[in-house]
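Using this note's numbering, you'd call the opening residue of the sequence shown number 60 and step up by one each time. Glycine included, every Cβ here is placed at the ideal spot set by N, Cα and C.
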Amino acid sequence: MTQAVSVEESKAFNRGIYTTFLSAFLVLFQIGIYFVYIPWNAERLQITESEIGIGLLVFGISNLIGNQTSGRLIVPRIGTKNSIAIGILGVAYCPLFLILSPSYLWFLLVYIPFGFFVGFFAPSAQSQISMIESKTSAILTPLYHAAFSVGSLVGAFSAFFTIKYIDNPPLIFLITGTMLILGSLTIYIFGLSKSFEALEKTLKFKLPKNSILIFGLLMMMNYATMGIILDWSALWLTKDLLIPLYLGGTIIIAFNIGEITARLIASKMIKKTSEKFIGGYLSILAGIVLFFSILTTNFYVIVFGILLFGFGTANFVAIIYRQAIKITDEPIALTVANLVTLGFAGFIFGPALVGYLAEYLGLTFNMYLLCIVWGLNGVALLIMMKRIKQA
């Protein structure tokens, strides 16, 4: 913290930081554990992959509505802490209702509030972190994103355990949903008081400025291609590289380990180098390393390449948020909501496009495409940062 804040403000900001990190962990823990149960739920309802894709499309659309509602209407009125608590409350039992859905129609209907409240939560939490960053010298966004990664990783590992030893999915999601309810209450009681927030009224709707729009488009490409690793890597390993099924999740684990490591030390890396290096040059280098590791077709080399790729690209989105907040002349909550909306739009078209390319050009093509897209993202970010510096 800097000398510009009082002792009282410092304590309040610390509470806000810890509770926001907790919220990120809880939401991704819940999502991470549910995603492992998707095949089980699909088999229960006898639905196909394309029907699951429609559910994810519904999730994505309602997600966009949720983050605009939060950033434009709710946060300016009740503050980020209360919005975070509401978002977590809304998410809490959605996975339980998904696995209890008696039909495919109910399955789709539950995805509407699930997507809405995840979208409602995301800009509220990021706005609080960005606001605290703007008032202090702390570099918090990478650590906040690390809480997401840790939550996802712990959720996935927990799901493997519960699937093997506890044959009662409704009980599992009743417990995890209750955990989120308790987490929401904790955040409401101990989170950052509204009195410490500089809330600004949101302007009438208008398109984001070009610079914010470009940052949002870079995030969109990031999220659109993320599914290549999360959704398709296991199939790629087992089908194209003929790796045993039990090793199918290795890439996801290696990627998450690389991400978490980079995000935990991001503050020190930024201070010793620069945001240009962490967000731009590392992304380019990561794409090159992964590209050549795939060329070897050696499983162990590829896993190591994925770990380095996760490390090199982990803070790309965090740097985008920090750069956008520096140049915006609009309320932080609105700028964050616009970025989240543009970024999460990648989740709408990304899975469908990746699936189409996989069917006609092969899974290995998608992996090479991932390297190229993320490398170009790094180049584009460097160009944007140069323009900002010259402006």
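Option nearest residue i by Cα separation, candidates the options
i, options, result
"G114", "N73, F175, M426 and E68", "F175"
"L344", "A325, I431, S121 and G146", "I431"
"V235", "T221, I246, T78 and I248", "Reading the sequence as shown, one finds Thr at residue 235 and not Val. Cα-wise, what sits closest to T235 is T221."
"I310", "L349, A325 and M280", "L349"
"N397", "L412, I379, V413 and G409", "I379"
"P228", "T107, K327 and R103", "R103"
"L199", "R381, K335, I147 and G119", "R381"
"A392", "L272, L323 and N126", "N126"
"F216", "L239, N281 and I312", "I312"
"F80", "L202, S326, F375 and V399", "L202"
"N211", "I97, F88 and W99", "Looking at the sequence itself, residue 211 is Ser, so the reference to Asn does not match. Nearest option by C-alpha distance: F88."
"E256", "G434, G138 and R74", "G138"
"F180", "W99, L239, S65 and N100", "L239"
"I365", "V177, S292, G146 and G242", "S292"
"A321", "M280, L276 and T372", "T372"
"I384", "F72, G242, I271 and V362", "I271"
"V413", "I273, M280, G242 and F72", "M280"
"M328", "N374, S196 and T195", "N374"
"G146", "T297, I273, A325 and G242", "G242"
"S326", "S254, A197 and L306", "A197"
"N100", "W165, A439 and A71", "W165"
"F274", "V376, S254, A151 and F363", "V376"
"L435", "K70, V150, M278 and L148", "M278"
"A439", "L276, F363 and P98", "L276"
"M149", "I90, L306, I97 and F363", "According to the sequence displayed, residue 149 carries Gly and not Met. Of the candidates I90, L306, I97 and F363, the one whose C-alpha sits nearest the C-alpha of G149 is I90."
Close Cβ partners of residue i (< 7 Å) along its chain, the five nearest in sequence each way excluded
i, result
"L244", "none"
"I231", "T221 and I225"
"L441", "K335 and G339"
"V117", "L167, Y170, I171 and G174"
"Y163", "L104, I106 and E110"
"I76", "I191 and L199"
"G409", "Y282, A283, T284 and G286"
"G119", "G174, F403, F406 and I407"
"L123", "G178, T400, F403 and A404"
Nonlocal neighbours in the same chain, by C-beta distance under 8 Å from residue i, ignoring five residues either side
i, result
"L428", "T284, I287 and L416"
"V169", "C153, F156, L157 and S160"
"Y247", "K140, N141 and A144"
"R74", "F249, G250 and L251"
"M444", "E334, K335, G338, G339 and Q382"
"T332", "none"
Burial state of residue i (16 or more Cβ within 10 Å)
i, result
"S121", "buried"
"P135", "buried"
"K330", "exposed"
"F368", "buried"
"T67", "Here residue 67 is Glu; the residue named in the question, Thr, does not match the sequence. Classification for E67: exposed."
"T107", "exposed"
"T61", "With a pLDDT of only 46 at T61, under 50, the local geometry of the prediction cannot be trusted, and the value read off the model is given with reservation. That one is exposed."
"N425", "buried"
"Y419", "exposed"
"S252", "exposed"
"N269", "exposed"
"L354", "exposed"
"S193", "exposed"
"P182", "buried"
"F370", "buried"
"T237", "exposed"
"L301", "exposed"
"W433", "buried"
"F351", "exposed"
Residues near residue i by beta carbon distance below 6 Å, same chain, minus five either side
i, result
"G437", "G339, S342 and I343"
"A218", "I92 and V95"
"W295", "L422"
"V213", "F88"
"D299", "L422 and T423"
"F72", "I191"
Closer than 6 Å: residue i CB and nearest the ligand NAD heavy atom
i, result
"F207", "Because no ligand of any kind appears in the structure shown, any question about the ligand NAD cannot be addressed here."
CB contact below 7 Å: residue i versus chain B
i, result
"A215", "The chain labelled as chain B is not found in the depicted structure, where only one protein chain is given."
- Is the segment 173 to 187 touching the segment 122 to 142, taking contact as three or more C-beta pairs under 8 Å? yes
- Message: Could you check whether the segment 199 to 213 touches the segment 71 to 85, counting it as contact only if at least three pairs of C-beta atoms, one from each stretch, sit closer than 8 Å?
- Response: yes
- Message: Whether or not the segment 388 to 405 and the segment 345 to 360 are in contact is what I'm after, with contact meaning three or more pairs of Cβ atoms, one per stretch, closer than 8 Å; do they touch?
- Response: no
- Query: Contact between the segment 310 to 327 and the segment 441 to 449: three or more CB pairs below 8 Å?
  - Reply: no
- Task: May I have a chain-ordered list of the alpha helix (DSSP H) segments no shorter than 4 residues that lie completely inside the segment 74 to 141?
- Result: 108 to 128 and 134 to 137
- For the segment 340 to 407, list the alpha helix (DSSP H) runs that are entirely contained and at least 4 residues long, ordered along the chain. 341 to 355, 358 to 372, 375 to 386 and 391 to 403
- Write down every uninterrupted run of the alpha helix (DSSP H) in the segment 133 to 204 whose length is 4 residues or greater and which is fully enclosed by it, in chain order. 134 to 137, 139 to 151, 153 to 159 and 163 to 194
- Message: Restricting to runs no shorter than 4 residues, where is the alpha helix (DSSP H) found entirely within the segment 413 to 443?
- Response: none
- Item | In chain order, each alpha helix (DSSP H) run of at least 4 residues that lies wholly inside the segment 198 to 242 | 200 to 224
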